[in-house]
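Visitor:
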Amino acid sequence: METQSNSMVNGEESVLSALELSKEFGTVKALDQVTCRISGSSIFGLIGSNGAGKSTFLRLAAGVYKPTAGQMLFKGKAVFENASAKQEILFVADQPYFPFETLEKMARLFRSLYLNWDQALYQELLRVFPLGEKNRLDRMSKGLQRQAAVLLAIAAGPKLLLMDEAFDGLDPVMRQNLKRVLARQVADQGMTVLIASQNLRELEDFCDHVGLLHQGGLLFVEELDKLRLSIVKIQAAFAQPVSQAQLAQLGLNILQYKERGSLVEILARGTEEEVKRLIWTLDPLLFDVLPLSLEEVFIYELSLRQYAVSELLA
Amino acid sequence: MVYPEINYQSGVPLYQQLKRSFQRMAALGLMDPDQQLPSVRQMAAELGINPNTVQKAYREMEQEGLIYAVPGRGNFLSGQKQDQTLEKEEIRRSFRHAAQVAWVAGLAPETLHQILDSCLEEQRESSE
Amino acid sequence: MTKEGDRHKELAAMPGTAWVFRQALARTRSIALFFLFLTFLAMPVVLLIIGRQNYFDLTSYMPDSLYMDGEIYANPVLFPLHLITSLITVASVYLMSGAQFRYLFQMKTVDSEVSLPLRSGQQFLGRLLALMTSLALILTLNAAFTGLIFYQWDLFSHFLDYLRLYLSMAGAAFQLLAFSLVWYTLSGTLFDAILLNLGLQMAWFFSILNVLSMSGRLGSPPSSLLWLLTPAAGFITDFIWIRPLAQDLIPLVFWLVLSWFFFRRRPSERAGIRNGQLTWHRLLQPLFALFGGVSLGRFVYLLFDDLTPIFQSPAFYLGLLAGSLLGQFVSSVVSGKALRKSPWIHELLSSMAGLLLFGILAVLVHLCMTPPVNPW
Chain A
1 METQSNSMVN GEESVLSALE LSKEFGTVKA LDQVTCRISG SSIFGLIGSN
51 GAGKSTFLRL AAGVYKPTAG QMLFKGKAVF ENASAKQEIL FVADQPYFPF
101 ETLEKMARLF RSLYLNWDQA LYQELLRVFP LGEKNRLDRM SKGLQRQAAV
151 LLAIAAGPKL LLMDEAFDGL DPVMRQNLKR VLARQVADQG MTVLIASQNL
201 RELEDFCDHV GLLHQGGLLF VEELDKLRLS IVKIQAAFAQ PVSQAQLAQL
251 GLNILQYKER GSLVEILARG TEEEVKRLIW TLDPLLFDVL PLSLEEVFIY
301 ELSLRQYAVS ELLA
Chain B
1 MVYPEINYQS GVPLYQQLKR SFQRMAALGL MDPDQQLPSV RQMAAELGIN
51 PNTVQKAYRE MEQEGLIYAV PGRGNFLSGQ KQDQTLEKEE IRRSFRHAAQ
101 VAWVAGLAPE TLHQILDSCL EEQRESSE
Chain C
1 MTKEGDRHKE LAAMPGTAWV FRQALARTRS IALFFLFLTF LAMPVVLLII
51 GRQNYFDLTS YMPDSLYMDG EIYANPVLFP LHLITSLITV ASVYLMSGAQ
101 FRYLFQMKTV DSEVSLPLRS GQQFLGRLLA LMTSLALILT LNAAFTGLIF
151 YQWDLFSHFL DYLRLYLSMA GAAFQLLAFS LVWYTLSGTL FDAILLNLGL
201 QMAWFFSILN VLSMSGRLGS PPSSLLWLLT PAAGFITDFI WIRPLAQDLI
251 PLVFWLVLSW FFFRRRPSER AGIRNGQLTW HRLLQPLFAL FGGVSLGRFV
301 YLLFDDLTPI FQSPAFYLGL LAGSLLGQFV SSVVSGKALR KSPWIHELLS
351 SMAGLLLFGI LAVLVHLCMT PPVNPW
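Chains as they are written, first to last, in the numbering used here: chain A, 1 to 314; chain B, 1 to 128; chain C, 1 to 376.
1. In chain order, what residues of the same chain have a beta carbon less than 7 Å from the beta carbon of residue 310 (chain C), not counting five sequence neighbours either side?
2. With residue 162 (chain C) as the anchor, note down where its alpha helix (DSSP H) starts and where it stops.
3. Which first and last residues belong to the beta strand (DSSP E) in which residue 332 (chain A) is found?
4. Exposed or buried, residue 68 (chain C), counting other C-beta atoms within 10 Å across all chains shown (16 or more means buried)?
5. Looking at C-alpha atoms only, which residue of C:87, C:352, C:46 and C:92 is the closest neighbour of residue 145 (chain C)?
6. Any idea what DSSP makes of residue 68 (chain B), helix, strand or coil?
7. Report the residue from A:195, A:199 and A:129 whose alpha carbon sits nearest the alpha carbon of residue 209 (chain A).
8. Have a look at residue 237 (chain A) and residue 285 (chain A) and give me their C-alpha separation to the nearest angstrom.
9. Given that a residue counts as buried once 16 or more other Cβ atoms are within 10 Å of its Cβ, and exposed if not, what is residue 13 (chain A)?
10. Taking only beta carbons into account, state which residues of the region 180–196 of chain A come closer than 7 Å to chain B, listed in chain order.
11. Kindly say whether residue 101 (chain A), judged by its beta-carbon, lies nearer than 8 Å to any beta-carbon of chain C.
12. Write down the C-beta distance between residue 288 (chain C) and residue 327 (chain C) rounded to the nearest angstrom, noting that I regard them as a contact closer than 8 Å.
13. So, is residue 231 (chain C) buried or exposed, given that buried needs 16 or more other C-beta atoms within 10 angstroms?
14. I want to verify the contact list: residues of chain A whose CB lies under 8 Å from the CB of residue 97 (chain B), in sequence order.
15. Just the Cα atoms here: how many angstroms apart are residue 36 (chain B) and residue 127 (chain A)?
16. Specify, as a first and last residue, the run of the alpha helix (DSSP H) that residue 214 (chain C) falls within.
17. Using a beta-carbon distance below 8 Å, is residue 21 (chain B) in contact with chain A?
18. In terms of residues, what are the limits of the alpha helix (DSSP H) holding residue 177 (chain A)?
19. Can you tell me whether residue 70 (chain C) is buried or exposed? The criterion is at least 16 other CB atoms within 10 Å of its CB, across all chains shown.
20. Over the uninterrupted alpha helix (DSSP H) stretch that includes residue 217 (chain A), give me the two end residues.
21. So residue 73 (chain B) is in the alpha helix (DSSP H); what residue range does that whole segment cover?
22. I think residue 99 (chain A) touches residue 112 (chain C), with their Cβ atoms under 8 Å apart; what is that distance to the nearest whole Å?
23. Name the chain C residues whose beta carbon is nearer than 9 Å to that of residue 62 (chain A)?
24. Looking at the C-beta of residue 205 (chain A), does it have a partner C-beta in chain B at a distance below 8 Å?
25. Applying the 10 Å Cβ sphere with the 16-neighbour rule, what's the burial state of residue 42 (chain A)?
26. Assuming residue 21 (chain A) and residue 31 (chain A) form a contact by the criterion Cβ under 8 Å, report the distance between their Cβ atoms to the nearest whole angstrom.
27. Counting only the same chain and skipping the five closest in sequence on each side, list residues whose C-beta sits under 8 Å from that of residue 81 (chain C).
28. Chain C partners of residue 95 (chain A), CB-CB under 7 Å?
29. Would you kindly work out how many angstroms separate the C-alpha atoms of residue 17 (chain B) and residue 52 (chain B), rounded to a whole number?
30. Quick one: is residue 49 (chain C) buried, meaning 16 or more other Cβ sit within 10 Å of its Cβ, or exposed?
31. Do we get a CB-CB distance below 8 Å when we pair residue 159 (chain A) with the residues of chain C?
32. With DSSP run on the structure shown, which of helix, strand or coil describes residue 207 (chain A)?
33. Where does residue 169 (chain C) land, buried or exposed, given buried means 16+ other C-beta within 10 angstroms?
34. For chain B, find out if any of its Cβ atoms is closer than 8 Å to the Cβ of residue 246 (chain A); answer yes or no.
35. In chain C, which residues lie with their C-beta within 7 Å of the C-beta of residue 81 (chain A)?
36. Starting from residue 24 (chain A), follow its DSSP beta bridges and name the residues at the other end.
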């Protein structure tokens, strides 16, 4: 599988590196030679359908699984059996488990275990999230339980926060609160967040990098804005009918061309400025740049690699 | 501290929204020259936006001359008048095309003026 | 950025085995206290209820002790109390060890524990030490209390005589603990771990017993290591064959080393997988074939042909063959093995291995053990 890497952003060393990482369970290959570098102070979205290997990747990063082949490195050192690395890596599972019944007791546990525990931050987060310290965790809804797990994880001061589904089950207010807290930690502490999700929509506005996993292979890793800016959707109308060939002759890299009556819908490679410049040479009557959702970008990126997105994001 | 408005539904990339929002606030006089912009941290904590997104926007705004950075102090709105030639060109084109469409559709020039006036009125009302 | 010195200090301050130990003790505190309470009831309290006079009367009436060789002493009062205490001790071993290691059997608890900043060695050692401490505390406090009562009664010599048996029981308990750890570390589910633990002990014990009895050599085992795979036997074999306390150490160390080794190599993803689907399990199945074979063989022999010497009875061998296949089959089914996928030749070979084991045991018993001297 073709893989790309986003190494060395701003000269920062990557916080998490997967190098030809493979994980097999018996005959099932959950991850196949995944290579990827994630830098500090980044919010990375790992997208993929069920069974694509997201949870496996997260567990390898958390040091729960041992790689079958290749390496999973945190700050250059293998995570597995590495207690000092795990001091700085916190994992929030899809269905969090709490060895103790209340937040208060869990906080005491974490405080005794994690050297970077910040009691003041913990108290502050308690005020931000509507969770009672003495309430029974097992009686809370799944969304609230996840919030509790995130609260504890953040207060432990991780350098790398791993989340299996961050926003699932949270109402809009909780979601916004969570984003604020996470964004602040990334800004303040240089924390890196790795969110695994099936839901592009939620990650679209939050991640700075995304990687797409499919059947254990990493299809691509890219800076989100680059992805979005690399494709443009234009709706235009011309006084004189214009053919696709004419547009192509201008130097336009057309991915899709649809004619609806006198209106033309074009999907082209390039930045908005470039495409605009080229099309305006033909003096269009009408010219609109239509917003592209990340999902649409994915569809076209992947159609190049001959995948049907319905398979990937099912 | 003035914070920009973000529309998560619009489909426009966040960092572009940030830029445009600051540009607009500056143009409308909602922000004064040399006024301090929120720090990356403040933007992140207040709006829940990825700090990298904010940094990207600020960097581009700095390159375009919209803001300037003072090391250790923060980012500040530029005092200089923004070069609006590009925008004026865009606007001129938009009007030209609207006029062409109206001409082809057989609309009277007065109707076109009416449409323009009501649009401007709408904008004025929404920004108050 | 912290400097090298600070980093070293940080690493030294990192919680490790001691932290796990404290957590583990807290985890089984209520269970341990419960069993302490039960053992207190079973011996010291009962003695107090019986009272000195009754005790003295009961034990003087039947001065002969229930044992064989004059070394182990269990008078008519202490003997039943000892048995009950043994049962309670066995239960405490299973429940406490289960509580410490049950996290291994569910992915969500594994996620939670293994992502903690601890090494697997520390997790194992901390929990093991907590278990041993709890068990030792229960046994010691119980003994201390009992001893105190006898001291008050001015019958301390009774207690000292009994102590030898008590220590033997303690040895068996620790062996059982170590043995149990092996199956926790190897198995994928708690159910399989306990089942294998009990099944293996039962299978081994009765197989050996049968072979000994068939060979007419019930009286003279060369070593208590014969019961290696049945540490629980240690609770009762003392009444028939005495073992030196030091011999308890060998199996104890053996099982501890083995469980340590298996724990370190255990993959987290084993949580929830049935034992029948794990490769190592196949190596143990011949033991169940052996058990099935010997048991059924004996049974058929007794039913149809108990006049011929057993080793020459065709009925026995028929039962042996059928039983070995049955034993193999049952162990495969019970352990959740996908029989449809397993080639029948493997199952057959495993049964044959069980038969081979029987052959080897029978030969060894005949060669290495002398039959008891005929009293006439």
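Ideal Cβ positions, reconstructed from N, Cα and C, are used throughout, including at glycine.
Guide: Result, derived from the coordinates:
1. Walking along the third sequence from the start, residue 310 (chain C) turns up at place 310. Counting only Cβ-Cβ distances below 7 Å, and skipping sequence neighbours, we find 214, 301 and 316.
2. For the purposes of this step, residue 162 (chain C) is taken as the residue at position 162 of the third sequence. Note, residue 162 (chain C): alpha helix (DSSP H), 156–186.
3. This structure cannot settle anything about residue 332 (chain A), because the visible part of chain A is limited to 1 through 314.
4. Counting from one through the third sequence, the residue named residue 68 (chain C) turns up at place 68. In this prediction, residue 68 (chain C) has a pLDDT of 43, which is less than 50 and means its spatial position is unreliable; what the coordinates show is noted afterwards. Classification of residue 68 (chain C): exposed, given that the 10 Å Cβ count is below 16.
5. Sequence index remark: in the third sequence, residue 145 (chain C) carries index 145 (1-based). Ranking C:87, C:352, C:46 and C:92 by Cα distance to residue 145 (chain C) puts C:46 first.
6. Taking the second sequence and counting its residues from 1, the one referred to as residue 68 (chain B) is at position 68. The answer is strand: DSSP assigns residue 68 (chain B) an E or B state.
7. Numbered from 1 along the first sequence, position 209 holds the residue referred to as residue 209 (chain A). If we check each option's Cα against that of residue 209 (chain A), A:195 comes out closest.
8. Here the question's residue 237 (chain A) lines up with position 237 in the first sequence. Here the question's residue 285 (chain A) lines up with position 285 in the first sequence. Taking the straight line joining both Cα atoms gives about 5 Å.
9. Within the first sequence, the letter at position 13 stands for residue 13 (chain A). Its Cβ having fewer than 16 others within 10 Å, residue 13 (chain A) is exposed.
10. 180, 183, 184, 186, 187 and 188
11. Position 101 of the first sequence holds residue 101 (chain A). Output row for residue 101 (chain A): interface = no.
12. Taking the first residue of the third sequence as 1, we reach residue 288 (chain C) at position 288. Taking the first residue of the third sequence as 1, we reach residue 327 (chain C) at position 327. Confirmed, Cβ separation roughly 5 Å.
13. Locating residue 231 (chain C) in the third sequence gives position 231, counting from the first residue. By the neighbour-count criterion, in which a residue is buried when 16 or more other Cβ atoms sit within 10 angstroms of its Cβ, residue 231 (chain C) is buried.
14. Reading the second sequence from its first residue, position 97 is the one you call residue 97 (chain B). Residues of chain A passing the Cβ test: 284, 285, 286 and 287.
15. By 1-based counting over the second sequence, the position of residue 36 (chain B) is 36. By 1-based counting over the first sequence, the position of residue 127 (chain A) is 127. The straight-line gap from Cα to Cα measures roughly 29 Å.
16. Position 214 of the third sequence holds residue 214 (chain C). Run containing residue 214 (chain C): 190–214, per the alpha helix (DSSP H) assignment.
17. Translated into the one-based positions of the second sequence, residue 21 (chain B) becomes position 21. No, no contact with chain A.
18. On the first sequence, position 177 is the one that residue 177 (chain A) refers to. Element bounds for residue 177 (chain A): 172–189.
19. Taking the third sequence and counting its residues from 1, one reaches residue 70 (chain C) at position 70. Unreliable placement is indicated for residue 70 (chain C), whose pLDDT of 48 sits below 50; no coordinate value is reported for it.
20. For this step, residue 217 (chain A) is matched to residue 217 along the first sequence. Per DSSP, residue 217 (chain A) belongs to no alpha helix (DSSP H); it is in the beta strand (DSSP E), 217–223.
21. As a first step, residue 73 (chain B) must be located in the second sequence, where it is residue number 73. Per DSSP, residue 73 (chain B) belongs to no alpha helix (DSSP H) and is neither H nor E.
22. Walking along the first sequence from the start, residue 99 (chain A) turns up at place 99. Walking along the third sequence from the start, residue 112 (chain C) turns up at place 112. At roughly 6 Å, the Cβ-Cβ gap stays under 8 Å, so residue 99 (chain A) and residue 112 (chain C) are in contact.
23. Within the first sequence, the letter at position 62 stands for residue 62 (chain A). Residues of chain C with a Cβ closer than 9 Å to the Cβ of residue 62 (chain A) are, in chain order, 111, 114 and 115.
24. Position 205 of the first sequence, counted from the first residue, corresponds to residue 205 (chain A). Taking Cβ atoms only, chain B reaches closer than 8 Å to residue 205 (chain A), which makes this a yes.
25. The residue you call residue 42 (chain A) lines up with position 42 of the first sequence. Answer is buried; the Cβ neighbour count reaches 16.
26. Residue 21 (chain A) sits at position 21 when you count from the first residue of the first sequence. Residue 31 (chain A) sits at position 31 when you count from the first residue of the first sequence. The C-beta distance from residue 21 (chain A) to residue 31 (chain A) rounds to 6 Å, short enough to meet the 8 Å contact threshold.
27. Mapped onto the third sequence, residue 81 (chain C) falls at position 81. So the list reads 42, 43, 46 and 47, once near-sequence residues are dropped.
28. Position 95 of the first sequence, counted from the start, is the residue given in the question as residue 95 (chain A). The answer, in chain order, is 108.
29. By 1-based counting over the second sequence, the position of residue 17 (chain B) is 17. By 1-based counting over the second sequence, the position of residue 52 (chain B) is 52. Rounded to the nearest angstrom, the two C-alpha atoms are 14 Å apart.
30. Mapped onto the third sequence, residue 49 (chain C) falls at position 49. Residue 49 (chain C) should be labelled exposed.
31. For this step, residue 159 (chain A) is matched to residue 159 along the first sequence. Cβ-Cβ to chain C under 8 Å: no for residue 159 (chain A).
32. Position 207 of the first sequence, counted from the first residue, corresponds to residue 207 (chain A). If DSSP states are grouped into helix, strand and coil, residue 207 (chain A) belongs with coil.
33. For the purposes of this step, residue 169 (chain C) is taken as the residue at position 169 of the third sequence. Buried, since its Cβ has 16 or more Cβ neighbours within 10 Å.
34. In the first sequence, residue 246 (chain A) corresponds to position 246, counting from 1. Closer than 8 Å: no.
35. In the first sequence, counting from the first residue as 1, residue 81 (chain A) sits at position 81. Those within 7 Å of residue 81 (chain A) in chain C are 119 and 120.
36. Taking the first residue of the first sequence as position 1, residue 24 (chain A) is located at position 24. A:29.
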